[in-house]
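Enquirer: Going letter by letter, the sequence shown gives residues 37 to 311 in our numbering.
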Amino acid sequence: MTNVNNRKDVAGLLTRMREKAPLIHNITNVVVTNFTANGLLAIGASPVMAYAKEEVGEMATVADALVLNIGTLTADNVESMIIAGKAANAANTPVILDPVGAGATSFRTESIQRILNDVKISLLRGNAAEVSNVAGMEAEIKGVDSVSSLEDHAVIAVHAAKKIGVPVCITGERDVVTDGQELYYVGNGHPIMTKVTGAGCLLSSCLAAFIAVEDDIVRASVAGLAAYGIAAEKVVKSNPAIGPGSFQAAFLDELNSISEEDINQYKKIEGPQGE
């Protein structure tokens, strides 16, 4: 794999994505639906939120990427996710899984395994505790933003990527992306994002938008992480005293205005590092 830090078209993926305006099918949680839809529109993608078992298969077939987010899980939603995921697989549409709160309850754990058994995902995106749980590693779950008892996020990410067989993205103070062989760090972002419900969920959908226009999942993820984090940094730079409420609106504005030049100037990408 080529070193994305030296590829001039990493930022160019933003323009490619905006030119295509990919249709992102989200089966997400009720807490973040509005924020996710508006965030996708702001960055240049086209959102659709379709959940009914009667239509998700058809919708996933015409979409450019599918996001499965288990934040507010129900039995019906699991069925819809599997139907949509199978349809996406048949159409060669990338599938992004966001295992919100994985391990918090047996229902979540069992549902994730059902999805993984029936659907070939393209990217697993979560925090360290969620990813370690999905991969069967020891972790203590205290909430959707909990920190794994395993301190080395890179170790968790590489292990999960090898076990599940797909690229993995662990987000935190420094984001980690790996295909199990090469590993990249992205250092963009700001702590205020942890004060906004749905920031991670929107990130998964934004990564899907980049993946929709780039077959190299790791490269697309690195570009998406950098763009997303830089947008947050620009908000705080322009208003250091901003609070979470105002940040949400300003963040959408920055997602809308972020440019290739911003990414080239402010990206904090390290890698690749071998296993």
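A virtual CB, placed ideally from N, CA and C, is assigned to each residue, including glycine. Quick caveat, the model's predicted, so the values are computed rather than measured.
Are the beta-carbon atoms of residue 213 and residue 168 separated by less than 8 Å?
Expert: No, the pair does not count as a contact, with Cβ atoms beyond the cut-off.
Enquirer: Among the candidates 155, 304, 100, whose CA atom is the shortest distance from the CA of residue 223?
Expert: Per the Cα distances, 304.
Enquirer: Expressed to the nearest angstrom, what Euclidean distance is found between the alpha-carbon atoms of residue 47 and residue 255?
Expert: Using only the alpha carbons, I get a separation of about 11 Å.
Enquirer: Would you kindly work out how many angstroms separate the C-alpha atoms of residue 133 and residue 140, rounded to a whole number?
Expert: Computed Cα separation, rounded: 17 Å.
Enquirer: Counting Cβ pairs, one atom from each stretch, are 3 or more of them under 8 Å apart for the segment 291 to 305 and the segment 77 to 85?
Expert: Yes, since at least three Cβ pairs between the segment 291 to 305 and the segment 77 to 85 fall closer than 8 Å, the two stretches touch.
Enquirer: Buried or exposed for residue 295, please, with buried defined as at least 16 other CB atoms from any protein chain shown within 10 angstroms of its CB.
Expert: Result: exposed.
Enquirer: With a 10 Å radius around its C-beta and 16 neighbouring C-beta atoms as the bar for buried, classify residue 162 as buried or exposed.
Expert: When all chains shown are included, residue 162 counts as buried.
Enquirer: Entirely within the segment 256 to 300 and at least 3 residues each: give me those beta strand (DSSP E) ranges in chain order.
Expert: If we require 3 residues or more, the segment 256 to 300 turns out to have no beta strand (DSSP E) run fully inside it.
Enquirer: Could you give the C-beta distance for residue 302 and residue 278, rounded to a whole number, given that I count them as a contact under 8 Å?
Expert: Contact flag wrong, Cβ pair sits at about 18 Å.
Enquirer: Please report the Cβ distance between residue 124 and residue 114, rounded to the nearest whole angstrom; I am assuming they are in contact, meaning their Cβ atoms lie under 8 Å.
Expert: 15 Å between Cβ atoms; not a contact.
Enquirer: Given residue 49, which residues of its chain have a CB within under 7 Å of its CB, disregarding the five upstream and five downstream residues?
Expert: Once the five neighbours on either side are set aside, the close Cβ partners of residue 49 are 246, 249, 250, 256, 259.
Enquirer: Looking at residue 148: is its Cβ nearer than 8 Å to the Cβ of residue 164?
Expert: Their beta carbons are not under 8 Å apart, which means residue 148 does not touch residue 164 by this criterion.
Enquirer: Quick one: is residue 285 buried, meaning 16 or more other Cβ sit within 10 Å of its Cβ, or exposed?
Expert: The residue in question, residue 285, is exposed, as its Cβ has fewer than 16 Cβ neighbours within 10 Å.
Enquirer: How would you label residue 112, buried or exposed, when you count the other beta carbons within 10 angstroms and need 16 or more for buried?
Expert: Answer is exposed; the Cβ neighbour count stays below 16.
Enquirer: In this structure, what does DSSP give as the bridge partners for residue 229?
Expert: Looking at the DSSP assignment, residue 229 forms no beta bridge with any residue, so it has no partner.
Enquirer: Helix, strand or coil, according to DSSP, for residue 95 in the structure here?
Expert: The answer is helix: DSSP assigns residue 95 an H, G or I state.
Enquirer: Judging by CA-CA distance, which residue of 243, 299, 253, 242 is the nearest neighbour of residue 270?
Expert: Comparing Cα positions, the closest option is 299.
Enquirer: Would you identify the three-state DSSP class for residue 62, choosing helix, strand or coil?
Expert: Strand at residue 62.
Enquirer: Once you ignore the five residues that flank residue 144 on each side, which residues in its own chain have a CB closer than 7 Å to its CB?
Expert: Closer than 7 Å at Cβ, skipping near neighbours: 106, 109, 137, 138.
Enquirer: Can you tell me the Cα-Cα spacing of residue 187 and residue 90, whole angstroms?
Expert: For residue 187, the predicted model reports a pLDDT of 49, less than 50, meaning its position is unreliable; a value from the coordinates is still stated below. Those two C-alpha atoms are separated by around 43 Å.
Enquirer: Please state the DSSP three-state secondary structure of residue 105.
Expert: Correct three-state label for residue 105: strand.
Enquirer: Between residue 309 and residue 219, what straight-line distance do the alpha-carbon atoms span, to the nearest angstrom?
Expert: The straight-line gap from Cα to Cα measures roughly 5 Å.
Enquirer: Mind checking which residues open and close the beta strand (DSSP E) that includes residue 54?
Expert: First-last for residue 54: 48 to 56, but that is the alpha helix (DSSP H), not the beta strand (DSSP E).
Enquirer: Taking 6 Å as the limit between beta carbons, can you name the residues of its chain near residue 177, skipping five residues before and five after?
Expert: With a pLDDT of 47 at residue 177, under the threshold of 50, the modelled position of that residue is not reliable, and no figure is offered here.
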